[in-house]
Amino acid sequence: MVKRVKMAASMALSTQPYKGARDFYPEDKRIQKYMFDVLRSTVEKFGYEEYDAPILEPLELYLAKTGEEIVNEQTYAFEDRGGRKVAMRPEMTPTVSRMVAARRQELAYPVRWYSIPNLWRYERPQRGRLREHWQLNVDVFGLAGIEADYEIISVADSIFQAFHAKRNMYTIKLNSRRFMDYILGEYIGFDSVQSYSVSKLIDRMHKIDRAEFMAQLDALCTPSQRETGSVEKLLDVLGAKRTSALPESVQGHVSLAQIKVLISLLEAAGTENVEFDVTLMRGFDYYTDIVFEIFDKHPENNRAMMGGGRYDGLVGLFGVEPVPTVGFGFGDVTLQQFLELHDLLPKLHPETNAFVILVGDVFTAAQKPIAELRAAGLNLAVDTTGRKIGAQIQTAEKKGIHYVIFIGERELAEGQYVLKNLHTGAEEKHGISRIVTIAKDYRHADDDDDI
Ligand code: HAM
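Numbering (the working numbering), first residue to last: 13 to 463.
Laid out in structure tokens, this is it:
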């Protein structure tokens, strides 16, 4: 016991957050708040309603369809005091499917839901990938047609538009699991086990070098498949950059027709930055048809910012009638990098409109105008330290607050207060309502044209 106390005294605790996780200081939280506000208002324009759920789920929720890599290597799992295996959610899709399944009969379809959960994955922290991230999830339940895929991708595209992104800054890539199942199974002739392994290999193909990809592909083929040129046949498909570049004999497949319809719907709506990518597989096992990802075109953020697709079988896993579903997840880390790299983040201001400096012994008498200013809509921080006025002004400046309101005996007697604009240095005397009008609209405070 004595030893432990001694250790604690000699070793300072680390101020660092847990590896791969972030602290959000007010200036960071402000950015997050801005991003989430834009996300929320955009998806709500399409009629999506917000839901939420616990961050802990039974581990088994992810075992069926989330995919081996995430479950075996990336899930934070532990046993609770009652011996239950619990996971910190690595994604929201199984949770939202569980929630829909629980009310399968009562819900009014189509169900349009969104959430912004904090997710945990034990990944190797690197640029664009952390162990904790926030992810906008947007899902529509109960629509089997391509209109739902179109709507979901349009929502994602509208998010970029709402952040004032130009379409040459990002690319929407799409493919179809159904089409790939046909290619790997019927067209190439792989059995279902081979098809599964090859699809996982294709999913990793941009992360490994060509020789390794070829060696692994070769190892998955039977001798007769090697002899009859299955590898070459597959490479021919994987090399196609457009649907029209695919072999003639696969052109008539119904899922390819769906991809083409979806691309033309999006293009007709002005989303011309959409492209077919036959190598896009997506890691999760639950996708059944169209899959898509949006990539930043900036070389420093060359990662998927969002990904999603159709998963018609997940709700049915909970023992209810299946519900056709399409949705996506959009991560905050890559989104913020996108906004920073493309210079799309506006200058953000603290929520506090003004900093009140009390001049003289007016603490009690100042409470009334302070309460009136707050009631009229101002966010005020009051300095009660009695320090030198210069030091108080410096504090306001350091916090990025635009205005200082001075309250002294003379001001109280006149009902007029000195309002100082810390950006321009200008001082004016005004009554309460005028102060509120000026200080609420902080754009007046700037010389520059920030948003
Ligand atoms: P996901 O592709 O794993 O899909 O994640 C979606 C997005 O979340 C990624 O494109 C990326 O921006 C972000 N993200 C994922 N992992 C990390 C990480 N470790 N660090 C930072 N950002 C990350 C899903 O999770 C599906 N459940 C999405 C979905 C919803 N599908 C249908 N509905």
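Cβ atoms here follow ideal geometry from the backbone N, Cα and C, with glycine treated the same way.
Indicate whether Leu274 and Ile306 have their beta-carbon atoms separated by less than 9 Å. For the purposes of this step, residue 274 is taken as the residue at position 262 of the sequence shown. For the purposes of this step, residue 306 is taken as the residue at position 294 of the sequence shown. No, the pair does not count as a contact, with Cβ atoms beyond the cut-off.
Compute the distance between the beta-carbons of Trp132 and Asp344, then report whether it is under 9 Å. On the sequence shown, residue 132 is found 120 positions in, with the first residue counted as 1. On the sequence shown, residue 344 is found 332 positions in, with the first residue counted as 1. In this structure, Asp344 does not lie closer than 9 Å to Trp132 by Cβ.
Kindly indicate the opening and closing residues of the alpha helix (DSSP H) around Ala408. For the purposes of this step, residue 408 is taken as residue 396 along the sequence shown, with counting starting at 1. Residues Ile401 to Lys410.
Segments assigned alpha helix (DSSP H), at least 4 residues, entirely inside the stretch 33-92: 38-57 and 72-75
Under the assumption that Gly321 contacts Val338 (Cβ atoms under 8 Å), give the Cβ distance between them as a whole number of angstroms. The count along the sequence shown starts at 1 and reaches residue 321 at position 309. The count along the sequence shown starts at 1 and reaches residue 338 at position 326. Rounded, the Cβ-Cβ distance is 7 Å, consistent with contact.
Which class does Val123 belong to by DSSP, given the choice of helix, strand or coil? What you label residue 123 is simply residue 111 of the sequence shown in a count that begins at 1. In the structure shown, Val123 falls within a strand segment according to DSSP collapsed to helix, strand and coil.
Between Thr300, Ala280, Ile271 and Pro381, which has its C-alpha nearest Glu290's C-alpha? If you number the sequence shown from 1, residue 290 lands on position 278. According to the sequence shown, residue 290 is Val rather than Glu. Nearest option by C-alpha distance: Ile271.
Taking the alpha carbon of Ala403 as the reference point, which residue from Glu159, Pro106 and Val416 has its own alpha carbon closest? Along the sequence shown, one-based indexing puts residue 403 at 391. Its Cα nearest to that of Ala403, the residue Val416 stands out among Glu159, Pro106 and Val416.
Which one or two residues does DSSP pair with Ile413 in a beta bridge? Walking along the sequence shown from the start, residue 413 turns up at place 401. Answer is none; Ile413 lacks a bridge partner.
Check whether the Cβ of His361 lies closer than 8 Å to any heavy atom of the ligand HAM, and answer yes or no. Mapped onto the sequence shown, residue 361 falls at position 349. No, Cβ of His361 sits at least 8 Å from all heavy atoms of the ligand HAM.
Hey, would you say Leu229 sits closer than 9 Å to Val210, going by beta carbons? Counting from 1 along the sequence shown, the entry for residue 229 is found at position 217. Counting from 1 along the sequence shown, the entry for residue 210 is found at position 198. Going by C-beta atoms, Leu229 is nearer than 9 Å to Val210.
If you compare alpha carbons, which of Ser267, Ile419, Ala231 and Ala227 is closest to Val371? For this step, residue 371 is matched to residue 359 along the sequence shown. Val371 has its Cα closest to that of Ile419, out of Ser267, Ile419, Ala231 and Ala227.
Hey, is the stretch 440-454 in contact with the stretch 358-367, meaning 3+ C-beta pairs nearer than 8 Å? yes
Note down the Cα distance separating Leu424 from Glu39, rounded to an integer number of angstroms. As a first step, residue 424 is located in the sequence shown; it is residue number 412 there, counting from the start. As a first step, residue 39 is located in the sequence shown; it is residue number 27 there, counting from the start. Spanning the two alpha carbons is a distance of roughly 34 Å.
Using the DSSP secondary-structure output, state which residues sit across from Tyr134 in a beta bridge. Locating residue 134 in the sequence shown gives position 122, where the first residue counts as 1. DSSP output for Tyr134 lists no bridge partner at all.
Can Phe172 be considered in contact with the ligand HAM, in the sense that its beta carbon sits closer than 8 Å to one or more heavy atoms? For the purposes of this step, residue 172 is taken as the residue at position 160 of the sequence shown. Result no, Cβ not under 8 Å from the ligand HAM.
Could you check where the alpha helix (DSSP H) with Phe225 kicks off and where it finishes? Here residue 225 is taken as the residue at index 213 of the sequence shown, counted from 1. Here the alpha helix (DSSP H) through Phe225 covers Arg222 to Leu232.
Use the C-beta contact count for Met111: other C-beta atoms within 10 angstroms, 16 or more gives buried, fewer gives exposed. To locate residue 111, count along the sequence shown from 1; it is residue 99. Buried, by the Cβ-count rule.
Extent of the continuous beta strand (DSSP E) run through Glu284: In the sequence shown, counting from the first residue as 1, residue 284 sits at position 272. Note, Glu284: premise wrong, no beta strand (DSSP E); not H, not E.
Three or more C-beta pairs below 8 Å linking the stretch 379-397 and the stretch 345-357: no
If you draw a straight line from the C-alpha of Thr240 to the C-alpha of Arg141, how long is it? In the sequence shown, counting from the first residue as 1, residue 240 sits at position 228. In the sequence shown, counting from the first residue as 1, residue 141 sits at position 129. Taking the straight line joining both Cα atoms gives about 41 Å.
Here's a check: name, in chain order, each residue in its chain whose Cβ is nearer than 8 Å to the Cβ of Glu324, leaving out the five neighbours to either side. Here residue 324 is taken as the residue at index 312 of the sequence shown, counted from 1. According to the sequence displayed, residue 324 carries Asp and not Glu. Excluding residues up to 5 positions away in sequence, Ala156, Thr300, Asp301, Pro334, Val335, Pro336 and Thr337 lie with their Cβ nearer than 8 Å to the Cβ of Asp324 in the same chain.
Kindly indicate which residue of Arg34, Ile382, Ser109 and Leu246 has the alpha-carbon position closest to the one of Phe202. By one-based count along the sequence shown, residue 202 stands at place 190. Sorting Arg34, Ile382, Ser109 and Leu246 by C-alpha distance to the C-alpha of Phe202 places Leu246 at the top.
Alpha-carbon spacing of Val394 relative to Ile413, whole angstroms: Taking the sequence shown and counting its residues from 1, one reaches residue 394 at position 382. Taking the sequence shown and counting its residues from 1, one reaches residue 413 at position 401. Computed Cα separation, rounded: 12 Å.
Which class does Ala114 belong to by DSSP, given the choice of helix, strand or coil? Here residue 114 refers to the residue found at position 102 of the sequence shown. Three-state result, Ala114: helix.
Mind listing, in chain order, the continuous beta strand (DSSP E) runs of no fewer than 3 residues lying wholly within the stretch 138-195? 144-153 and 182-188
Contacts around Ser170, its chain only, beta-carbon distance under 8 Å, and the 5 residues preceding and following it disregarded: Within the sequence shown, numbered from 1, the residue matching residue 170 stands at position 158. The answer, listed in chain order, is Thr54, Lys57 and Phe58.
Which of helix, strand or coil does DSSP assign to Phe375? Taking the sequence shown and counting its residues from 1, one reaches residue 375 at position 363. In the structure shown, Phe375 sits in a helix (DSSP, three-state: H, G or I).
With DSSP run on the structure shown, which of helix, strand or coil describes Ala393? Numbered from 1 along the sequence shown, position 381 holds the residue referred to as residue 393. Of the three classes helix, strand and coil, the one that applies to Ala393 here is strand, per DSSP.
Does the pairing of the stretch 68-75 with the stretch 91-103 give three or more beta-carbon distances under 8 Å? Yes: the two stretches touch, three or more of their Cβ pairs being nearer than 8 Å.
Using C-beta distances below 7 Å, list every residue in its chain close to Ala177, excluding the 5 sequence neighbours before and after it, in chain order. On the sequence shown, position 165 is the one that residue 177 refers to. Taken in chain order, the residues that qualify are His354 and Leu356.
What is the residue span of the alpha helix (DSSP H) that Asp301 lies within? Numbered from its first residue, the sequence shown carries residue 301 at position 289. Unbroken run through Asp301: none, as it is neither H nor E.
Identify whether Met13 lies in helix, strand or coil by the three-state DSSP scheme. For the purposes of this step, residue 13 is taken as residue 1 along the sequence shown, with counting starting at 1. Low confidence applies to Met13: its pLDDT is 47, below 50, so where it sits in the model is not reliable enough to give any reading.
Nearest CA to the CA of Gln428: which residue from Leu434, Ser188, Ile444 and Gly295? In the sequence shown, the residue the question calls residue 428 occupies position 416. Of the listed residues, the one whose Cα sits closest to Gln428 is Ile444.
Secondary structure at Arg446, three-state DSSP: helix, strand or coil? Here residue 446 is taken as the residue at index 434 of the sequence shown, counted from 1. Helix.
State buried or exposed for Pro66, treating a residue as buried only when at least 16 other CB atoms are found within 10 Å of its CB. Numbered from its first residue, the sequence shown carries residue 66 at position 54. With fewer than 16 Cβ atoms within 10 Å of its Cβ, Pro66 is classed as exposed.
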